[in-house]
Structure formats: structure tokens, C-alpha cells
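Number 294 marks the last residue of the sequence shown (this note's numbering); no jumps.
Everything below concerns the one structure shown next.
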Amino acid sequence: MSDEQPVELGDAEALRQGMAGDRSPRVDGLNNLPPTERRVALRRLAAAGREIIDVMSQTSADTAALDEAAAALEAVVSLLKESPGGAPYEGVAELANAGAILAQRRELVQSGDPEAWAQFDFSPLIGLANPMSPPLKMRYENDRVVADVTFGAAFEGPPSCVHGGYVAAAFDEVLGAAQSLAGEQGMTANLSINYRSPTPLMTPLRVDAWLERSEGRKIYVHGEMRDGDRVTAEASGLFIAFNAAKFLELLENRVAMTNKPGF
């Protein structure tokens with residue numbers, strides 16, 4: 032790579048060129064993605080898939096209707112499989128060509144190109160282009176990261192309640208965004224959940240997360256999930272600021288996955 036500087040994507044400062052040091056690309060990056068025609072189409076497809084998942088979890092359709100629906104979905108799968116597989120991200124997240132991807136990401140991030148954060152649109156929790164996501168909709172409110180979410184029937188654990196695993200996953204995502212308030216970005220090291228009362232399905236919920244303190248590479252964050260004024264769960268998280276070499280290793284592994292059969 033001759034005169035090019037090494038790309039240290041795991042470094043928190045490099046990840047945020049063109050973005051304030053205490054802002055998370057999970058929040059600002061996703062919210063600022065331009066509505067390209069392809070992105071709009073992907074999100075529409077994901078929304079339809081999300082609705083299918085919700086309807087399937089509570090349908091009383093007879094066998095004939097189920098067989099007809101299955102055939103229709105199988106036709107959709109066949110249609111999508113006609114295109115090459117891999118990572119369907121736009122911009123930097125297009126990982127089909129590993130050779131130039133690290134330099135491309137650095138250039139996009141440093142130039143402030145919003146496509147640098149395209150991968151978040153495919154998150155299983157906040158991604159509007161992922162049919163598995165509820166999705167959580169995050170924003171900043173003063174010194175907090177706040178998320179609004181409504182879990183559908185497919186997320187049921189106890190009767191009429193959200194499965195505790197999804198509650199934990201929501202906390203991991205929102206606390207993971209709130210750690211940026213420390214001016215760093217890291218990986219989850221520990222997540223502790225206190226389930227205080229049932230978390231209802233099909234009910235607008237609010238998740239708040241805020242920075243408690245940071246000590247070197249350790250970032251401590253706390254959060255609450257609420258149904259109105261009632262706290263349904265609390266969480267405490269420990270995040271460890273990125274190690275550049277480790278992050279590059281994870282990215283290279285992700286590139287390699289796109290070349291595996293069936294991916």
C-alpha cells in the first residue's frame with residue numbers, strides 16, 4: 032500500500048472523523064443515512080418481512096392458507112437468491128472486495144460521508160433494513176441516549192410480556208450507544224439486568240441510558256426501560272474501549288465470511 036497510512040478503524044477517534052467525539056454513529060450515523068432508492072426499497076422489503084414475522088406468530092389460518100403463503104414466500108426467496116449474496120450494505124459496508132475496504136472506510140469516515148455508517152441499517156435491533164429488528168429508534172436527549180420501541184407478538188416470553196433476552200439485547204444496544212458520551216467507543220464486557228416488573232408486548236416503551244463514569248479504557252453505563260412511569264427493568268454495563276488491532280481482525284473475519292458458500 033506504499034504511501035498510505037495504516038487504517039486504525041478500531042481507534043475511537045478514527046471512527047468518528049466528521050462526527051462529534053461524544054456522539055455515537057449508531058444514533059447520528061443511522062439517522063443521517065440518505066434515503067437512496069435502493070435503501071428505501073430494502074427498508075420496504077424489511078418492513079414487509081417484519082410484518083410477516085408478527086402475523087405468523089399469531090395466525091389462525093388453515094392449512095391451505097399456510098401452504099399458499101409458504102409457496103409465495105418461497106418464490107420471494109428464489110427471486111432474491113438470483114442476485115449474488117454477501118453483505119448487501121451500500122458504501123463502506125460493501126465488503127465484497129476486501130483489498131480496498133479499509134482505505135475506503137477511512138476515506139468515507141474522514142470525509143463525513145454518511146454512507147460510512149450504512150452497516151447500522153442492517154442491525155438486528157435498530158436496522159430499518161433488517162426484518163428481525165423491532166426496531167429501536169434512538170436519539171439524544173441532553174446527556175442521555177433515549178430509544179423508543181414497541182415489541183410485537185413475535186418477541187413474547189411470559190404471556191403478553193417481552194422475552195427477557197430481548198429486553199437485555201435492547202439494553203446492550205442503547206447502553207452501547209450511550210458509552211459514546213465518554214468520548215470513546217468500545218465492546219460490551221459485562222451487562223447486568225435487573226428485571227423489576229413485567230415488560231408488556233405491543234406497548235410503546237422507552238429506554239434511557241447515561242454515562243456513569245469512565246476509568247481508562249473502561250466505560251460504565253446505566254439504563255432503565257419504562258412503560259410510562261413504571262420501570263420494568265434496569266441495566267448496568269461495562270464497555271472496553273476499542274483495541275484497533277482487534278477491530279481490524281473482526282472486520283477482516285467479516286470480509287472472509289462473505290466468500291463462504293451459503294452466506
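Backbone N, C-alpha and C define an ideal beta-carbon position, used for all residues, glycine too.
Every value quoted in this text rests on a predicted model; they were computed, and no experiment measured them.
Spatial neighbours of residue i in its chain, beta-carbon cut-off 6 Å, leaving aside the 5 residues before and after
i	result
Pro119	The predicted position of Pro119 is uncertain, since its pLDDT is 49 and thus under 50; no value can be drawn from it.
Asn221	Leu269
Arg69	none
Arg74	Leu159 and Ala160
Arg170	Val177
Val180	Pro165, Leu167 and Leu236
Pro115	none
Neighbour-count burial assignment, residue i, 16 or more Cβ in a 10 Å radius
i	result
Asp59	buried
Met233	exposed
Arg57	buried
Glu357	Summary: the structure shown does not reach residue 357, with the chain confined to residues 32 through 294, and so no result is reported for it.
Arg81	buried
Val71	exposed
Asp98	exposed
Gly247	exposed
Ala106	exposed
Ala95	exposed
Ala167	For clarity, residue 167 is Leu in the given sequence; the question names Ala instead. So Leu167 counts as buried.
Val108	exposed
Leu111	exposed
Asn284	exposed
DSSP bridge partner residues for residue i (one or two, in chain order)
i	result
Asn225	Glu265
Tyr251	Arg244 and Leu269
Leu236	Val180
Arg257	Arg237 and Val262
Val193	Glu187
Lys168	Asp179
Thr219	Phe270
Pro231	Cys192
Same chain, Cβ closer than 8 Å to residue i, five either side skipped, listed in chain order
i	result
Ala100	Ala92
Ile224	Gly195, Val198, Ala199, Phe202, Ala264, Glu265 and Ala266
Leu104	Ile83
Glu187	Ser88, Val193, His194 and Leu232
Leu242	Asp174, Ala209, Gln210, Leu212, Ala213, Ile250, Tyr251 and Val252
Glu113	none
Arg227	Val262, Thr263, Ala264 and Glu265
Asp85	Gly183, Ala184 and Ala185
Beta-carbon spacing of residue i, residue j below 8 Å
i	j	result
Glu265	Ser245	no
Asp174	Leu212	yes
Ala77	Asn161	yes
Val252	Gln210	yes
Thr219	Phe151	no
Phe273	Gly217	yes
Ala185	Ser88	yes
Arg257	Leu236	yes
Pro189	Pro229	yes
Ala149	Ser55	no
Cβ neighbours of residue i in the same chain (closer than 7 Å, five flanking residues each side left out)
i	result
Ser164	Ser154, Pro155, Leu156, Ile157 and Gly158
Ser191	Pro231 and Leu232
Glu172	none
Leu61	Trp148, Phe151, Asp152 and Ile157
Cβ distance (whole Å) where residue i is taken to contact residue j below 8 Å
i	j	result
Gly259	Val238	Between Val238 and Gly259 the Cβ distance is about 13 Å, and since that is not below 8 Å, they are no contact.
Residue i at chain D interface by Cβ criterion, 8 Å
i	result
Leu159	Checking the listed chains, one finds no chain D in this structure; it contains a single protein chain.
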